[in-house]
Amino acid sequence: MMTLPMTLPKALVALALAGAAFGAQAHKPWILPSSTVVEAKEAWVTVDAAVSEGLFDIDHVPLRLDGLTITGPDGASVTPENVSNGKLRNTFDVKMARSGTYRIALVNQNVMASYKAGGETKRFRGTEETFRKEVPANAEELRVTRTTSRLETFVTANEPDTAVLKPTGTGLELVPVTHPNELRAGEKATWRFLLDGQPAANLPFSLIPGGVRYRGTLNETRQSTDAKGEITFTIPAAGMYLVSAAWPVQARGEGAGPGGPGAQGGQGQARPAGQPPQQPARRVTYAATVEVLPE
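Going letter by letter, the sequence shown gives residues -26 to -1, 1 to 269 in mature numbering (1 follows the signal peptide of the UniProt record, and there is no 0).
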């Protein structure tokens, strides 16, 4: 795992990724490879990383690269090269020395808490380690939410393989039954979502194509998985897409309940009128950039 000095505060990254199942107006974190399939003896890709209002537009702030991991087809870690920290985006290059598929991922775990000390409400955002150091274990009215976020993409040098597609068993993950670098417009594709290694049943997810600024409409597609955490669907047009999902599922106007994928219910719990929604004890998000090739 790489820890690189970047410019965007960790708290903003955590909040951005926690909203990965974003709506039309939210700022979106994303990583975008220059290509997802490279056929060359010496294969390289350049990756942009940013948080933007328009999907894949460079219009807001760079995305911090703490938690960046690049995994090669042999399971070995790959070091990013030519890392550049810009005002609106960060970039890095990936040398794909071996043929096969690589996973480029930003994985973060954060803690958000509120509590009272000396009659005043205090708030905390940070890592599990700093939480244990800075927040008293016996703090009054302590409320804690732990977030796990995964933001990733897949790139292939020459011939695709499936070694890096194996799930880690932690958090929300996409297990592409159809290889993510073999998606084609007009052809059926099958995806499987897992939560901590188990099928994420009835999980809603969002699929948004790039180029929103030129269309004038979001063109968002919303789908949900079946009881096995799977869905088979057809993407009509080629291009770069962002897929995103979050757990627990929160019903509109209600607090997030304990239910979720694999649980009974999972549409949130009603709360008394006038009370703010309660944050779940755990929040898990997923987002990935995928390319759909022409027919």
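The C-beta atom is built at its ideal place from N, Cα and C for all residues, glycine as well.
Contact check, residue i vs residue j, beta carbons under 8 Å
| i | j | result |
| --- | --- | --- |
| residue 68 | residue 54 | yes |
| residue -1 | residue 63 | no |
| residue 221 | residue 174 | yes |
| residue 121 | residue 257 | yes |
| residue 266 | residue 159 | yes |
| residue 182 | residue 29 | yes |
| residue 106 | residue 88 | no |
| residue 10 | residue 128 | yes |
| residue 114 | residue 140 | no |
| residue 59 | residue 36 | yes |
| residue 190 | residue 214 | no |
| residue 75 | residue 138 | yes |
| residue 146 | residue 259 | yes |
| residue 263 | residue 32 | no |
| residue 84 | residue 99 | yes |
| residue 45 | residue 254 | no |
Extent of the continuous alpha helix (DSSP H) run through residue i
| i | result |
| --- | --- |
| residue 105 | 102 to 108 |
| residue 283 | Given a span of -26 to 269 for the chain in the structure shown, any question on residue 283 remains unanswerable. |
| residue 217 | Taken as a continuous stretch (DSSP letters only), residue 217 belongs to no alpha helix (DSSP H), being part of the beta strand (DSSP E) at 213 to 221. |
| residue 189 | 186 to 189 |
Limits of the unbroken beta strand (DSSP E) element including residue i
| i | result |
| --- | --- |
| residue 166 | 162 to 169 |
| residue 179 | 178 to 183 |
| residue 30 | Premise fails: residue 30 is in no beta strand (DSSP E) and is neither H nor E. |
| residue 209 | Element bounds for residue 209: n/a, residue is neither H nor E. |
| residue 149 | 146 to 150 |
| residue 42 | 42 to 45 |
| residue 198 | 195 to 198 |
Buried/exposed call for residue i, threshold 16 Cβ in 10 Å
| i | result |
| --- | --- |
| residue 92 | exposed |
| residue 218 | buried |
| residue 2 | buried |
| residue 79 | buried |
| residue 163 | buried |
| residue 49 | exposed |
| residue 268 | exposed |
| residue 123 | buried |
| residue 196 | exposed |
| residue 77 | buried |
| residue 126 | buried |
| residue 171 | exposed |
| residue 235 | Annotation note: pLDDT 47 at residue 235 (below 50); position unreliable, coordinate value reported separately. Label assigned to residue 235: buried. |
| residue 143 | exposed |
| residue 65 | buried |
| residue 151 | exposed |
| residue 104 | exposed |
DSSP bridge partner residues for residue i (one or two, in chain order)
| i | result |
| --- | --- |
| residue 56 | Answer by DSSP bridge pairing: none, since residue 56 is not bridged. |
| residue 22 | 6, 65 |
| residue 90 | 95, 114 |
| residue 84 | 121 |
| residue 130 | 11, 75 |
| residue 266 | 213 |
| residue 17 | 70 |
| residue 204 | 166 |
Any C-beta of chain C under 8 Å from that of residue i
| i | result |
| --- | --- |
| residue 149 | The chain inventory of the structure shown lacks chain C, comprising one protein chain alone. |
Original post:
Are the segment 15 to 27 and the segment 60 to 78 touching, with three or more C-beta to C-beta distances below 8 Å?
Top reply: Judged by Cβ distances under 8 Å, the segment 15 to 27 makes contact with the segment 60 to 78, as three or more pairs qualify.
Original post:
At a cut of 8 Å, does the segment 158 to 167 reach the segment 128 to 140 through at least three beta carbon pairs?
Top reply: Below 8 Å, too few C-beta pairs join the segment 158 to 167 and the segment 128 to 140 to call them touching: fewer than three.
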